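Asks: Counting in this note's numbering, the final residue of the sequence shown is number 476, and the numbers go up one at a time with none missing. Glycine included, every Cβ here is placed at the ideal spot set by N, Cα and C. Quick caveat: nothing in here was measured; it's all calculated off a predicted structure.
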Amino acid sequence: MPPKKKDAKAERGMQKAAEREKQKIVEDKTFGLKNKNKSKAVQKYIKGVQQQVKGPMKGGEQALVAKKKEEQEMKKRTAQQQALLASLFKGTENVKKIAEDSCTVGTYDPKASKEGQKINLYTDQRQQKMETMDDWDQEKLEQVIKTKHTRGNEQNATEIICKHFLDAVEKRQYGWFWTCPNGGDACRYRHCLPP
């Protein structure tokens, strides 16, 4: 005679009762914890308590969890690699577009288009050659001085020449971007050479 089968309803009822007991134990152990739904640390603690009470996972469940973790890691790695490649080849896309659109081969000069260029962080800008008057003749120098100082500094009635202006001319630093350290355009002394 075969052994009697247990009643399926009774077995399901016992399983539900065991689940309720386990859930009650979890609730008792986590009673009084604040921010159960918000704090990650508390959620991690609750998850650990649930795993303790419910027992270790079955082989199939562990395999699924491990597979999901591995897929997530693979996605992370591929995303990182794509981001790295995108950052490495960022500038080459613009060169390709310019070469295809408007320029023939060999006519593109990256120094000519300053729109897309950035400041080189590896060179000191102060060491680069400042704008000088080496290639200016006397006529050009007088023209620059005249145009720079006819803007609105007519209230200066002194005939004294600014010492900062003379220093800048001697050091060949005087140019369009030079400003007087004695107040800029508000300097009361003349910024031109005597006739």
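Can you have a look at F446 and say buried or exposed, based on whether 16 or more other CB atoms are within 10 angstroms of its CB?
Replies: Per the 10 Å Cβ criterion, buried.
Asks: Please state whether DSSP places R471 in a helix, a strand or coil.
Replies: DSSP places R471 in strand when its eight states are reduced to three.
Asks: Using 7 Å as the threshold, is the C-beta distance between A449 and W457 below it?
Replies: It is not a contact, given that the beta carbons lie outside the stated cut-off.
Asks: Hey, would you say I426 sits closer than 7 Å to Y470, going by beta carbons?
Replies: The answer is no: Cβ separation not under 7 Å.
Asks: Please report how far the alpha carbon of A298 lies from the alpha carbon of A367, in whole angstroms.
Replies: So the alpha carbons of these two residues sit roughly 56 Å apart.
Asks: In angstroms with no decimal places, state the Cα-to-Cα distance between V334 and K303.
Replies: Approximately 6 Å between the Cα atoms of the pair.
Asks: Where are the alpha helix (DSSP H) runs, 4 residues long or more, that stay fully inside the stretch 312-340, in chain order?
Replies: The stretch 312-340 contains these whole alpha helix (DSSP H) runs: 321-335.
Asks: Taking the alpha-carbon positions, what's the V330 to S320 distance?
Replies: C-alpha separation (whole angstroms): 16 Å.
Asks: Quick one: what's got a C-beta closer than 8 Å to K317's C-beta in the same chain, skipping five residues either side?
Replies: If we look at K317 and ignore the five residues flanking it on each side, its Cβ neighbours are T311, V323, Q324, I327.
Asks: According to DSSP, is I441 helix, strand or coil?
Replies: Note: I441 maps to coil in three-state DSSP.
Asks: Can you tell which of K315, E354, E308, Y455 has its C-alpha closest to the C-alpha of Q332?
Replies: Selected option, being the one with the closest Cα: E308.
Asks: Using the Cα positions of Q419 and L474, report the straight-line distance between them to the nearest angstrom.
Replies: Each residue's Cα considered, the two are about 11 Å apart.
Asks: Which of the three DSSP states, helix, strand or coil, is assigned to Q353?
Replies: Three-state result, Q353: helix.
Asks: Between which two residues does the alpha helix (DSSP H) harbouring K452 extend?
Replies: K452 -> no alpha helix (DSSP H), and no H or E assigned at all.
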